[in-house]
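What follows is one structure encoded as structure tokens, with my remarks underneath.
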Amino acid sequence: MFESLSEKLESAFKQIKGEGRITELNIAATVKDIRRALVDADVNYKIAKEFTDKIRETALGQKVINAVSPGQLMVKIVKDELVDLMGGTESTFNTKGNPAIILIAGLQGSGKTTFSGKLANFLKTKKGLSPLLVAADIYRPAAIDQLKVLGEQIGIDVYSEPENKDAVAIATNAIKEARSKNKNVLIIDTAGRLAVDEAMMTEVANIKSAVSPNEILFVVDSMTGQDAVNTAKAFNDRLDFSGVVLTKLDGDTRGGAALSIKYTVNKPIKFVSSGEKMDTLDVFYPERMAQRILG
Ligand code: GDP
């Protein structure tokens, strides 16, 4: 994950690691290399510039500290800023309610259905909850089957109404079903389109108004870089979602989405998904991710 970014950052630190002290000159060179590494990872230029301006300022402000080497100091400053850029501390995830309602939204192919299954599995095995999956994609019958296959794999019931073309009604009926079956968390997998479109946004917004979700998670393919960030903005403007799920981190992803989304929409990344198997889901910890990026 993010190998190229990690390599480029490592090489950005190479020169300053050999220096005896921090100077404006060696800071400037390092900062320039860091900025280029971020832009190459598909981080928007404005974000990369602001990020490196902060690093320069902090490094210059700490010039006098002699206890640590310039290299160590720079790595520490960059790590702290990376953590900050990705949201600082671990975010919360609200599963209180009868049932708690989690609404899943995103473009088709982003990994929504796979994530819905993984989240149900996670909440069941790690949190001891009893989830009910809801197939609210009324356009693709295959999406219902896909969710049912996943549900069977992980031993979780799937609620669907194949003949019903009203996604809002399916979602509200599912709440009753959950109560009657003693399920305490509802995960609603909604329809996606290949691009952001008005009808899809209206439908998800209507489901949101009807069910008042505890969490609305926006699922996005991390391989799509700056497009991921633009899509996040469009969904957030309309849905005011509570968190982001980055998928396909096991692929050849450059890192831009992970680094830019929080900055752009001011919503935390809550989960990262890295594979097709049901147990490849992790809670997102900015600190751990920054550590991984810096190697
Ligand atoms: P949806 O249209 O948003 O519901 O997307 P799907 O859940 O159907 O996922 C689209 C494709 O991406 C499927 O082939 C999934 O198996 C695959 N996929 C989903 N999440 C991941 C992931 O984290 N890693 C990898 N490698 N593939 C994934």
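Residue numbers for the sequence shown follow the UniProt record's numbering, so the first one is 1 and each next one is one higher.
Every residue, glycine too, gets a C-beta built ideally from N, C-alpha and C.
From a predicted model like this one, the values you see are computed outputs, not experimental measurements.
Applying the 10 Å Cβ sphere with the 16-neighbour rule, what's the burial state of residue i?
{"i": "tyrosine 45", "result": "exposed"}
{"i": "leucine 123", "result": "buried"}
{"i": "glycine 192", "result": "buried"}
{"i": "alanine 178", "result": "buried"}
{"i": "asparagine 182", "result": "exposed"}
{"i": "threonine 125", "result": "exposed"}
{"i": "threonine 114", "result": "buried"}
{"i": "glutamine 68", "result": "Just to set this straight, residue 68 is valine in the shown sequence, not glutamine. Exposed."}
Beta-carbon within less than 7 Å of residue i's beta-carbon, same chain only, minus the 5 sequence neighbours each way: which residues are those?
{"i": "leucine 82", "result": "Ala290, Ile293"}
{"i": "isoleucine 27", "result": "Arg56, Ala59, Leu60"}
{"i": "glutamate 19", "result": "Asn26, Pro70"}
{"i": "glycine 111", "result": "Val219, Asp221, Thr247, Lys248, Ser273"}
{"i": "arginine 238", "result": "Met201, Ala205"}
{"i": "isoleucine 187", "result": "Ile102, Ile104, Ser116, Leu119, Ala120, Pro131, Leu133, Val134"}
{"i": "alanine 37", "result": "Leu5, Lys8, Leu9, Ala12"}
Is residue j closer than 8 Å to residue i when the C-beta atoms are compared?
{"i": "glutamate 215", "j": "glycine 243", "result": "yes"}
{"i": "alanine 257", "j": "threonine 280", "result": "no"}
{"i": "threonine 253", "j": "leucine 107", "result": "no"}
{"i": "residue 298", "j": "lysine 148", "result": "Since the first residue of the chain shown is 1 and the last is 295, residue 298 is not available in this structure."}
{"i": "aspartate 221", "j": "aspartate 189", "result": "no"}
{"i": "alanine 210", "j": "valine 168", "result": "yes"}
{"i": "valine 204", "j": "alanine 105", "result": "yes"}
{"i": "valine 245", "j": "leucine 217", "result": "yes"}
{"i": "phenylalanine 241", "j": "lysine 267", "result": "yes"}
{"i": "lysine 270", "j": "serine 91", "result": "yes"}
{"i": "isoleucine 102", "j": "leucine 133", "result": "no"}
Please return the same chain residues whose Cβ sits closer than 6 Å to the Cβ of residue i, not counting the five positions on each side in sequence.
{"i": "glycine 275", "result": "Asp250"}
{"i": "isoleucine 47", "result": "Ser260, Tyr263"}
{"i": "serine 130", "result": "Lys183, Asn184"}
{"i": "alanine 100", "result": "Val185, Asn214"}
{"i": "glycine 255", "result": "Phe2, Leu5, Ala41"}
{"i": "leucine 194", "result": "Gln108"}
Pull up the distance between the alpha-carbon of residue i and that of residue j, whole angstroms please.
{"i": "lysine 8", "j": "lysine 79", "result": "14 Å"}
{"i": "aspartate 42", "j": "lysine 176", "result": "44 Å"}
{"i": "aspartate 84", "j": "alanine 143", "result": "37 Å"}
{"i": "proline 141", "j": "proline 213", "result": "24 Å"}
{"i": "aspartate 227", "j": "threonine 52", "result": "22 Å"}
{"i": "glycine 88", "j": "glutamate 198", "result": "33 Å"}
{"i": "methionine 1", "j": "glycine 295", "result": "11 Å"}
{"i": "valine 39", "j": "methionine 200", "result": "32 Å"}
{"i": "asparagine 236", "j": "glycine 128", "result": "30 Å"}
{"i": "asparagine 98", "j": "isoleucine 207", "result": "17 Å"}
{"i": "isoleucine 34", "j": "serine 4", "result": "12 Å"}
{"i": "threonine 172", "j": "serine 11", "result": "54 Å"}
{"i": "glycine 109", "j": "asparagine 94", "result": "26 Å"}
{"i": "tyrosine 139", "j": "glutamate 163", "result": "11 Å"}
{"i": "aspartate 282", "j": "serine 6", "result": "20 Å"}
{"i": "glutamate 50", "j": "lysine 14", "result": "22 Å"}
{"i": "lysine 76", "j": "glutamine 62", "result": "12 Å"}
{"i": "serine 180", "j": "methionine 86", "result": "40 Å"}
{"i": "lysine 96", "j": "lysine 32", "result": "46 Å"}
{"i": "alanine 174", "j": "valine 229", "result": "31 Å"}
Enumerate in chain order the residues of its own chain whose CB-to-CB distance from residue i is below 8 Å, with the five nearest sequence positions on each side excluded.
{"i": "methionine 278", "result": "Gly117, Lys118, Asn121, Leu150, Gln153, Ile154"}
{"i": "isoleucine 16", "result": "Ile22, Asn26, Ile27, Ala29, Thr30, Pro70, Gly71, Met74"}
{"i": "serine 160", "result": "Val134, Ala135, Ile144, Leu147, Lys148, Ile170"}
{"i": "glutamate 24", "result": "Leu60"}
{"i": "lysine 54", "result": "Glu81"}
Sorry if obvious, but does the Cβ on residue i come closer than 7 Å to a heavy atom of the ligand NAD?
{"i": "glutamate 276", "result": "Inclusion of the ligand NAD in the displayed structure is not the case, the ligand content consisting of the ligand GDP alone."}
Shorter than 8 Å from the beta carbon of residue i to some beta carbon of chain D?
{"i": "asparagine 182", "result": "The displayed structure is made up of one protein chain only, and chain D is not part of it."}
Problem set entry | Contained alpha helix (DSSP H) runs [length at least 4] in the stretch 28-70, N- to C-terminal order | When DSSP assignments are scanned along the stretch 28-70, the uninterrupted stretches of alpha helix (DSSP H) that are 4 or more residues long and fall wholly within it turn out to be 45-61.
Exercise. Whole beta strand (DSSP E) runs in the stretch 69-127 with 3 or more residues, listed along the chain?
Worked result: Taken in chain order, the complete beta strand (DSSP E) segments of 3 or more residues contained in the stretch 69-127 are 100-106.
Problem set entry | alpha helix (DSSP H) segments (min. 4 residues) lying fully within the stretch 158-210 | Correct list: 167-180.
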